[in-house]
Amino acid sequence: MILSLMILLPVLAAVLIVALPGVTAGVARTTALVTTLALFGLGILLWSSFDSTTAAFQHVENLPLFAPYLAWHLGIDGISLMLIMLSVFLMPLCILASWESVQKRVPEYMAAFLIMESLMIGTFAARDIFLFYLFFEAGLIPMFLIIGIWGGARRIYASYKFFLYTLLGSVLMLVGMLYMVNEAGTTDIGALSVYDFDPRAQFWLFLAFFASFAVKMPMWPVHTWLPDAHVEAPTAGSVILAGVLLKLGGYGFVRFSLPMFPDASAQLIWLVFALSMVAVVYTSLVALVQTDMKKLIAYSSVAHMAFVTAGLFALNTQGIEGSLVMMLSHGLVSGALFLCVGVIYDRLHTREIARYGGLADTMPKYALFFLFFTMASVGLPATSGFVAEFLVLIGLYKTSSAAAFVMTTGIILGAAYMLWLYRRVAFGTTAGDDTRAMPDLSVREVAILLPITLAVLWMGIYPKSFQDPMKPAIATIMTRLDGRVLATLPTDMTISPGSPLDLLPAAEHQGVHP
Amino acid sequence: MIQLLVFLPLLTALVAGLGGRIIGHVPSKIVTTGGLFVSAALAWVIFAQFWLDGAAGYEVPLLSWIQSGDLDVRWALKVDTLTAVMLVVVTSVSALVHLYSWGYMEEDPDQSRFFAYLSLFTFAMLMLVTADNLVQMFFGWEGVGLASYLLIGFWYKKPSANAAAIKAFVVNRVGDFGFSLGIFATFMVFGTVSIDAILAAVPGQAGASFSFLGMRMDVMTAICLLLFVGAMGKSAQLGLHTWLPDAMEGPTPVSALIHAATMVTAGVFMICRLSPMFEASVTAQTVVTYVGAATALFAASVALVQTDIKRVIAYSTCSQLGYMFFAAGSGAYGAAMFHLFTHAFFKALLFLGAGSVIHAMHHEQDMRFYGALRKHIPITFALMTVGTLALTGFYFTAGYYSKDAILEAAFANGSSASQFAFFVGAFVALLTSFYSWRLVFLTFYGAPRWAGSEHIQHAMHHDHHDTEGTTDSDEHAHGNPAATGTAGYHPHESPWSMLLPLFLLGAGALGAGYVWHHQFVGAEHGADFWRGSLAFRAELMEAMHHVPSWVVHAPAVAFFLGLGAAWYAYLKAPELPGRIAAAVPALYRFLTHKWYFDELYDAVFVRPAFAIGRFLWVRGDQRTIDRFGPDGAATLVAGGASLARRFQSGYVYSYALVMLIGLAAAAAWFMPFGTAGR
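Heads up: the sequence lines are chains V and L, in that order.
Convert by adding 75 to the 1-based position in the first sequence; the result is the number in the numbering used here.
Convert by adding 6 to the 1-based position in the second sequence; the result is the number in the numbering used here.
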């Protein structure tokens, strides 16, 4: 029942905030904070009662609501658990971050966030394919509203762009889902995950789902909605967008594409690798020349998400585990970076990098946090970013040394654009009197950034806590992938080599490594 | 004990770094410095166990780190002879640099932060040298890089310091790119990242080949060269050296600790730690030898024409690291470590001595404005001379033993690469002697030329006591270098907190070679001392004793020739250097522009990166993807931006509606047929 409770509780709170007459901004804020904290508490409960030794779905609820079309079927494995934890962890921080900066239509704003939280939890917990689709697509509606109502100057253009990209992918995915249900005769995700679709059908289904997930990731070249959406979104919107919504695509790949279309996944790794390789180099270079802080971090998100896709389609344990850790890590780190931008945006009301400078002098506490998250973003060991990058790349190398080679340049380029950003914001001399007059972090702001700092360190030093619940789920996916024939790539992107197979002990064999 | 040794600096760094503003500067300094002296004492105890008692190596597992499939990485501390040597070097120099900084950084308003960074660096370096697996080594590797970045940019208001800090980090990341790929390849081939397990399995992989980037390559050669790229970055070898001279923007104690004695030697340490791997690839050894020799020559040639006292020593460091690398490439890992060990003493001494000079000269670093300082700061002068004697390899100093061992080993190795390295090395010894004595003569001898210095004028006119960082001297043009005289300025000898470290390092610079050469490079005792912690070739060490006598005497000849030439050019006939520069202007420009590496990289990498980034952003994202994507769709459907405008009101609701109706209708349509057909 705990999952249903987690989905319904925020909806209830949202309805109360909006529907009850005379709800002031203060009451709305407090209600939202209490609700999100309660959800975080439920999340802890969920985690502590989770059995990490089994791949079976837990906390399963199955209410055949509109069977056979749609069932209220919920359940979580370790992957869902971790992504739900990420959502409920970030949400109270988002409410806190909006505490002072949002003054317009506060009850509606808080309600939008609460509903979004509900839909995100629903997406990660859904075990029915159409239920998933509803949550997955509906989750974007509060985000449209948040950008469209509380966003910046070009908010309409941004949300329109966001909408257009998403729509295209959704339609294709829906068609794919209908075919699958029709073919397999069930809407149960678990049953679909073990159903063997014809490899030719898999190819088209893969592409249909790919259209949707690639937009959500976002992968190059369907990434251009992201910088605009981030720039126009309010701080907390950016945090959720980068922190959780960008994870929907990766979650989709892991939940649908890999187990349901294993043959197509193995055949199309070249497509994913190519797009990921381009994304890392392309968006990193673009990030280098940005003058708007949020755009820079948005482009860096695209580069980081390319690590997720490349790792998933390395189709081995290290790659997939690394991708999932990357999703969690990026959720924390990029969320924190957007919060950092929000802190100074609240003070100076500009995202223009050139208007800042010398903050190490005037805002030392802020400079320390910002430095920490900068380093986490460039993947310094002992932060979560390193564990993620390292696992992805070491897994990717086994599958394709060329892809790993290109992706690893990301560690150079990432350092370049992030340090260049940090240098312009925190070092040098202050750009003006108004910049110099900015006060250092308030207690509220420290309370927002400190928990994320601790989580990033925890995940960087002892990632086992986060990896262990996910391991059985990943093992299940690996079983599905075992023995699939990898695509033969053109010689310049050799795949089967990457491994000195003919000279190594027979234990390592060509193809997918279990 | 080892846990306390390693984690105490982390603890003190956190106390001073996070609590510095609360507890104040002096407590922060006491905590960090005290902690480091405790660590240093422990390090000597551990070293003595290996040196005197012949203790066996051991490992202390701490915590599980990254576990995934067959990959298992732990946090662990590995201690053997090689580690013990590094522990002594790192903690001793660090403790002395902490002490020295009490005096040097006395006027700085951010002292707590400085000491915290120093201790943080030490912790990362200790994690690097105690790593039992490649990933933890990489942790230390990047950790020292972070500390180096923070310390180079310590005076963050200076644009040049910020630029140098970013350059150091990014260039090191280029090295780390290679290191990372090396780790990935190692894991794929060996199925483990544990150093012991890898080294044990190396013989089985010798001669094997695999595909890398579509090319068929020898496994050990590919892995070793990738790892070596990492070593080149950290140890500033030719090609990835450009960050090291710029790193001199950091406070001088930092240069002594990080950019002379410890961090930059991490690459040498790595190769020695993994020496059985390099032994399995002749090609890799050859590359290491050539790169080392080329770096030694390049850096020494540039050092000849530098006028900034710290940059001379920086290029000298770069050059000496080249010696260590070609020693390792020649199979003389013991000699490489020996030079690392002795170099730590005398190069830290030279840097801290230079710091003392800079301190006395009110932060003037340009040797053209020095002169005649031996009478004013005699203790600094004496100790700088000791350091110079050791660097140039005067009889029985530390450098004499280690540099001779390297040259003899290179000669005795017999391969053509090592032969080449020997001749280059002997010639570089001559250059080393010349530029080192040039530094001494320009600084301490001749007539005072202080009057032309902006810094000195500043001091005299304003009696202004600013730190290096807060003066804006870089923007000022220097005065007239030809101006002579003291301008009434009286340099003062540094306080005891700065001089005491100089004395201790001086003792090391004089005695370390004599005391330990049997252990590090002795044919008889070496194997017993190293106990398999590096690939020790006793027969090569033996062969060193049978090289022709001209080989043995070559370094001494180089010493005297260099000393004589420097004496002639800078004391006897001081107009000579200018005449030579004027006679071969092309060569002179080539050297003062540091072989044009910075210009080349700027033109080939830095500016194109920004240009391509701008191109992709404008031409790629905006004018291609957006134009034919979302913007184009809008144009196509509704003619221009009006669609977007019309969307304002109802788009969200239409979206929700489309989604729901679509889902319901499609499901209703499809499913009955589907299930019926089954």
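Glycine included, every Cβ here is placed at the ideal spot set by N, Cα and C.
For clarity, every value in this text was computed on a predicted model and none was experimentally measured.
Where residue i falls: helix, strand or coil (DSSP)
i      : result
D273/V : coil
G514/L : helix
R620/L : helix
A191/L : helix
Y530/L : Checking the sequence shown, residue 530/L turns out to be Glu, not Tyr. Coil at E530/L, not helix or strand.
H470/L : Note on H470/L: pLDDT 44, under 50, position unreliable in the model; no value is reported.
A615/L : helix
Y431/V : coil
P259/L : helix
G420/L : coil
E136/V : strand
M367/L : coil
D182/L : helix
H345/L : helix
M568/V : For M568/V, the predicted structure reports a pLDDT of 35, less than 50, and the residue's modelled location is therefore unreliable. A value from the coordinates is still provided. Three-state DSSP puts M568/V in a helix.
D367/V : strand
S200/L : strand
F275/L : helix
S217/L : strand
F141/V : strand
Cβ-Cβ distance between residue i and residue j below 9 Å
i      : j      : result
F127/L : M221/L : no
D126/V : R202/V : no
L205/L : L152/L : no
A186/V : A304/V : no
G226/V : A233/V : yes
T3/L   : V135/L : Residue 3/L falls outside the range modelled here, since chain L spans only 7 to 684, and no answer is possible.
L327/L : G273/L : yes
Contacts that residue i makes with chain L (C-beta to C-beta distance below 7 Å)
i      : result
E396/V : S74
L455/V : E148, L152
K236/V : P636
Contacts that residue i makes with chain L (C-beta to C-beta distance below 9 Å)
i      : result
S33/V  : Nothing can be reported for residue 33/V, as the shown portion of chain V is limited to 76 through 589.
A381/V : Ordered by position in chain L, no residue passes the 9 Å Cβ test against A381/V, which lies about 15 Å from the chain.
Q542/V : I72, Q73, S74
V473/V : It is worth fixing the name first, because residue 473/V is Lys in this sequence and not Val. F190, F193, M194, listed in chain order.
Partners in chain V for residue i, counting only beta-carbon separations shorter than 7 Å
i      : result
L77/L  : Q393, I469
R179/L : I486, I487, A490
A615/L : L360, L363
D632/L : T299
Per-residue contacts from residue i into chain V (C-beta, under 8 Å)
i      : result
S70/L  : Y537, K539
F176/L : Here residue 176/L is Val; the residue named in the question, Phe, does not match the sequence. Near V176/L (Cβ distances below 8 Å), the residues of chain V are I487, A490, A491, L494.
Residue i CB to nearest heavy atom of the ligand NAP below 8 Å
i      : result
V416/V : Summarising the ligand content, the structure contains no ligands, and the ligand NAP is consequently not present.
Within chain L, the residues that residue i reaches when beta carbons sit closer than 8 Å
i      : result
F480/V : L187, L219
F450/V : The sequence shown places Met at residue 450/V, not Phe. Correct list: L152.
Within chain C, the residues that residue i reaches when beta carbons sit closer than 8 Å
i      : result
I618/L : No chain C is present in this structure, whose protein chains are V and L.
Under 9 Å by beta carbon: chain V residues contacting residue i
i      : result
Y406/L : None at all; the shortest Cβ gap to chain V is about 39 Å.
Three or more C-beta pairs below 8 Å linking the region 295-305 of chain L and the region 348-359 of chain L: A contact between stretches requires three or more CB pairs, one per stretch, nearer than 8 Å, and the region 295-305 of chain L fails this requirement with the region 348-359 of chain L.
The region 366-376 of chain L in contact with the region 329-336 of chain L per 3-pair CB rule at 8 Å: Using a Cβ-Cβ distance cut-off of 8 Å, the region 366-376 of chain L and the region 329-336 of chain L are not in contact, since fewer than three pairs of beta carbons, one from each stretch, lie closer than that value.
Inside the region 274-354 of chain V only - alpha helix (DSSP H) runs reaching at least 4 residues: With a minimum length of 4 residues, the continuous alpha helix (DSSP H) runs that stay inside the region 274-354 of chain V are 274-291, 300-307, 310-315, 321-327, 337-342.
Cβ contact (3+ pairs, closer than 8 Å) linking the region 232-242 of chain L and the region 268-285 of chain L: Contact between the region 232-242 of chain L and the region 268-285 of chain L is present, because at least three Cβ pairs lie under 8 Å.
Whole runs of the alpha helix (DSSP H) within the region 522-605 of chain L, excluding any shorter than 4 residues: The qualifying runs are 532-536, 544-549, 555-573, 582-589, 591-598.
Cβ pair count under 8 Å reaching 3, the region 25-32 of chain L against the region 114-132 of chain L: With the cut-off at 8 Å, the region 25-32 of chain L and the region 114-132 of chain L touch.
Beta strand (DSSP E) runs contained entirely in the region 44-131 of chain L, provided each spans 3 or more residues: For the region 44-131 of chain L, whole beta strand (DSSP E) runs of length 3 or above, ordered along the chain, are 64-74, 77-85.
The region 490-502 of chain V in contact with the region 171-189 of chain L per 3-pair CB rule at 8 Å: A contact is defined here as three or more CB-CB pairs under 8 Å, and the region 490-502 of chain V meets this definition with respect to the region 171-189 of chain L.
Segment contact flag, the region 169-187 of chain V with the region 135-152 of chain V, C-beta cutoff 8 Å, min 3 pairs: No, the region 169-187 of chain V does not touch the region 135-152 of chain V.
Whole runs of the alpha helix (DSSP H) within the region 147-195 of chain V, excluding any shorter than 4 residues: For the region 147-195 of chain V, whole alpha helix (DSSP H) runs of length 4 or above, ordered along the chain, are 153-176.
Cβ contact check for the region 341-349 of chain V and the region 594-605 of chain L: 3 or more pairs under 8 Å: The region 341-349 of chain V makes no contact with the region 594-605 of chain L; the number of CB pairs closer than 8 Å stays below 3.
Contact the region 472-490 of chain V vs the region 383-390 of chain V: 3+ CB pairs below 8 Å: A contact exists between the region 472-490 of chain V and the region 383-390 of chain V.
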